[in-house]
Ligand SMILES: *Cc1c(COP(=O)(O)O)cnc(C)c1O
């Protein structure tokens, strides 16, 4: 037994799997660079180790949502290109400019803050202009694009910034053939063409998330931004399972069985007594709950591998623990209970939990709580260095 096996719960993160997934995705988007999206602590996998592993496998860009996430990567020693896109007024614009991080502007206020930050930092900002080509979330509407592009070009000519990218995001990339995909590509090409006519010379044009990387080759442009697929999870079951896509899930969530005991027939289990033992049986206590990210919506349905058999959450998931009916089996207290992993030892997958909880696998891995230690395995020595691959 290794030392981590004695932990209450652990999320083992297989960095060899992550590197292999990055290589698969680079092959799928040959000709484009790859941005490893490590927002929200690397979708719960640990941003810095995952960023290093992705870099070692050839990811030339790192992407985060918030500027604080991007600055934390720099502070951890990751060099090279880093981009972040989710800004609010008063954000750490100057720190980002000083750290050489690519910032995103989808509106005039953001452009003004980037210029002000560049002036006070005494160096040009690296700004990527974001187009709303149809998602209807962040980014600049086509009608407002001439104003944004014009102002950015003026600031570029004045030496305050460099327009490093033109980018957008899909609404329905996980639904192949959805009419919005072709429509968004058309709008994007028009918006890029307009900016280039105005003199913009972007280093990168990019639009593709994981599903677009896997299924829409014409959306690869200069760079693909992969998150969920890099963590080995299929963006949508309709696109295929992880093995079918050549991907291997990176996270294995397990816990140590805290108690095994006999219980008579007719015994209510957990809050609300939504489960009643159908016969004399044994119950196993699994010491993780919704505070650890185990969805309460998976009460009565979440699958767990215990003692070689897949069991189902009996009754409600509580804050810190839940119970499984072991049907008379008696694994030792301390035995391993695997909630999800790659699936090849018979354990459930994050996708199975997503179905049990009525959500998507993205949410299952991302919501694993801070109380669960991440145990990174299969790190290679050069990943401790952190830089761009040589
Ligand atoms: C999260 C995110 C991605 C990555 O999406 P996946 O589907 O996980 O690959 C790409 N681009 C943007 C703008 C994002 O917010």
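In our numbering, the protein residues as written are 1 to 390. For each residue, glycine too, the CB sits at the ideal point set by N, CA and C.
- As the crow flies, the alpha-carbon of residue 29 is around 10 Å from that of residue 219.
- Of the residues 55, 43, 32, the one whose Cα lies closest to the Cα of residue 16 is 55.
- Residue 256 sits in a strand when the DSSP states are folded into three classes.
- Counting only runs of 4 or more residues that sit fully inside the segment 164-211, the alpha helix (DSSP H) segments are 179-197, in chain order.
- Checking the DSSP bridge columns, you'll see residue 87 has no partner listed.
- In the DSSP assignment, residue 68 falls within the unbroken alpha helix (DSSP H) covering 67-75.
- For a cut-off of 8 Å, the C-beta gap from residue 192 to residue 164 is around 14 Å, too long to register as a contact.
- Look at residue 24: its beta carbon is at least 7 Å from all of the heavy atoms in ligand 1.
- Non-local beta-carbon contacts of residue 92 in its own chain, meaning distances under 8 Å to residues more than five positions away in sequence, involve 67, 68, 71 in chain order.
- Relative to ligand 1, residue 246 has its C-beta separated by 7 Å or more from all heavy atoms.
- A residue is called buried once 16 or more other Cβ atoms fall within 10 Å of its Cβ, and residue 252 is buried on that count.
- Residue 166 sits away from residue 152, with the two beta carbons spaced by 8 Å or more.
- Residue pairing by DSSP places residue 61 opposite 35, 81 in a beta bridge.
- Out of 19, 109, 47, the CA that lies nearest to the CA of residue 140 is found in 109.
- Judged by DSSP in its simplified three-state form, residue 364 adopts helix.
- DSSP, reduced to helix, strand and coil, places residue 131 within a strand of the structure shown.
- Assignment of residue 264 by DSSP, reduced to helix, strand and coil, places it in the coil class.
- Here residue 275 is bridged, per DSSP, to 269.
- If you check the C-beta of residue 380 against ligand 1, you find no heavy atom less than 7 Å away.
- In the structure shown, the three-state DSSP call for residue 150 is helix.
- Scanning 73, 61, 273 for the CA closest to the CA of residue 46 turns up 73.
- Residue 327 holds the alpha-carbon nearest to the alpha-carbon of residue 263 among 327, 273, 257.
- In this structure, the C-beta of residue 169 approaches ligand 1 to less than 7 Å from one of its heavy atoms.
- According to DSSP, residue 282 shares a beta bridge with 262.
- If you compare the alpha carbons of 294, 20, 105 with that of residue 317, the shortest gap goes to 294.
- With a beta-carbon spacing of about 44 Å, residue 256 and residue 207 fall beyond the 8 Å limit used to define contacts.
- For residue 117, the enclosing alpha helix (DSSP H) begins and ends at 108-121.
- Under the three-state reduction of DSSP, residue 156 is assigned to helix.
- Distance from the Cα of residue 363 is smallest, within the candidate group 288, 236, 247, 336, for 236.
- In terms of Cα proximity to residue 76, the closest of 50, 176, 88 is 50.
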